[in-house]
Ligand SMILES: C[S@@+](CC[C@H](N)C(=O)[O-])C[C@H]1O[C@@H](n2cnc3c(N)ncnc32)[C@H](O)[C@@H]1O
């Protein structure tokens, strides 16, 4: 967005002048990437001044047609530029909506819950974050009532101090005969018989995840009532139609709670192992793959330690609390080949990495848990059995055995 000084020979007529100016611009980038400067208005404004100089005095809209985890639109929004993103994958679209589209609608709003408020003044998405935490904690209590009996305390032997203790995790060895060499295909768990998503969860993990996603769905009505009591419009306009009233707010909080369930799925599958020296759970996706794990550990959703519901919820509400929303952001589902760009848009993107990552196949892991919590809020995104695959622009051989398209 900022032209190299060599493109303006009238102002920078010598190599030395060009280089000096370049270094001045690099210094702005160096200051921008310092974490502590993430919300430093003075540093951000210095960048905006340079962008305006190269863009006819205006801050142009930024569009990322392969938005994925949403980093490009999020950074554009942080700079104060109109931010647009789209992706083929519904999980990616939800991340984009959660990062750039929903927070601006509730900028500087107070929470709606009926508990004791944390502060007098709420800036940015702090109110939304507090509600995510509040209702997430209520869900924990409801889940404990429903399925707490599946996670009993254990009686400790005398040498460990005796008495009762709440297990942080149960370790289980998967039964079955050792696989033959012919079955080892690059560490893919399906080669060992874990060939459906259901196989990746023990019965107890499945009950826990189903319970939490059902509770996320159910708490929406409760949040909506609280939001009406707190003064939000009782207009019944949903989030997907641009609503900002009580119904849309309840749906917004549910979106973030659904992310907490997905975070739990990452820590509550039978592909999670125990990090012995760190005394904590490892998650399913240490990398973009689903390798076999022989001695999986099962986290206790209700304990005070690694992998519990509260810890997963903390990741989510703390992220929301730190979002500094710009004026607006838009994230939609679209095949990149069919995007309609707003006028004068700058396209900044990070397309798929040839055959390196099977985005859609891997994201079905998260899609199948997001679907029960969010299908009623975004029926178009979650009305499918799984994420779209055919249009995905990846070069994996099994999807295109005939080779890449010729044109
Ligand atoms: C390298 S990732 C983008 C990562 C992103 N920059 C981030 O911050 O996480 C590429 C993205 O392209 C998406 N994609 C693949 N084929 C697509 C298509 N035909 N249309 C739109 N998006 C597509 C994938 O779903 C994936 O999210």
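Residue numbers (the numbering used here): 9 to 415. The C-beta atom is built at its ideal place from N, Cα and C for all residues, glycine as well.
- Classified as buried, residue 97 has 16 or more neighbouring CB atoms from the shown chains inside 10 Å of its CB.
- Annotation for residue 245: no beta strand (DSSP E) segment contains it, and DSSP assigns it neither H nor E.
- A residue is listed when its beta-carbon falls short of 5 Å from at least one non-hydrogen atom of ligand 1; in chain order these are 74, 76, 77, 79, 95, 96, 97, 100, 343, 344, 358, 360, 367, 399, 400 and 401.
- Per DSSP, the unbroken beta strand (DSSP E) holding residue 341 starts and ends at 337-341.
- By the CB criterion at 9 Å, residue 264 and residue 324 fall inside the cutoff.
- Scanning 147, 233 and 397 for the CA closest to the CA of residue 370 turns up 397.
- Annotation for residue 219: 151, 154 and 155 place their beta carbon closer than 7 Å to its own, counting only its chain and skipping 5 residues before and after.
- Per DSSP, the beta bridge partners of residue 283 are 288.
- Ranked by Cα distance from residue 382, the first of 16, 256, 72 and 71 is 256.
- Secondary structure at residue 92: strand, using DSSP grouped into helix, strand and coil.
- Contact between residue 109 and residue 337 is confirmed by a C-beta separation of about 5 Å, below the 8 Å threshold.
- With contacts defined by Cβ atoms closer than 9 Å, residue 302 and residue 268 do not form a contacting pair.
- Contact between residue 123 and residue 142 holds, since their C-beta atoms are separated by about 6 Å, short of 8 Å.
- The C-alpha of residue 300 is placed about 9 Å away from the C-alpha of residue 278.
- The three-state reading of DSSP puts residue 263 in helix, counting H, G and I together.
- Sixteen is the threshold: since fewer than 16 other Cβ atoms of the shown chains lie within 10 Å of the Cβ of residue 57, the residue is exposed.
- For residue 306, the enclosing beta strand (DSSP E) stretches over residues 305-307.
- In this structure, the beta-carbon distance from residue 367 to residue 93 does not fall below 9 Å.
- A Cβ-Cβ contact shorter than 9 Å links residue 332 with residue 132.
- Looking at the DSSP output, residue 151 bridges to nothing.
- Taking C-beta separations shorter than 8 Å and ignoring five residues to either side along the sequence, the partners of residue 164 in its chain run 170, 171, 172 and 173, following chain order.
- Nearest Cα to residue 287 within the set 315, 68, 149 and 67: 315.
- Using a Cβ distance threshold of 9 Å, residue 373 and residue 292 count as a contacting pair.
- Pairing residue 243 with residue 251 gives a Cβ-Cβ distance under 9 Å.
- With fewer than 16 other Cβ atoms inside 10 Å of its own Cβ, residue 129 counts as exposed.
- Sorting 290, 270, 55 and 312 by C-alpha distance to the C-alpha of residue 380 places 270 at the top.
- Note on geometry: alpha-carbon atoms of residue 351 and residue 357 lie some 17 Å from one another.
- Here residue 43 is exposed: its Cβ has fewer than 16 other Cβ atoms, across all protein chains shown, within 10 Å.
- Counting along the chain, residue 72 sits inside the beta strand (DSSP E) bounded by residues 70-72.
- One Cα belongs to residue 48, the other to residue 280, and the distance between them is close to 39 Å.
- The Cβ-Cβ distance between residue 120 and residue 254 falls below 9 Å.
- A straight-line Cα-Cα distance of about 47 Å links residue 113 and residue 410.
- Around the beta carbon of residue 406, fewer than 16 other beta carbons sit within 10 angstroms, so the residue counts as exposed.
- In the three-state reduction of the DSSP assignment, residue 48 falls in the coil class, being assigned neither a helical nor a strand state.
- Cβ atoms of residue 355 and residue 160 stay farther apart than 8 Å, at about 56 Å.
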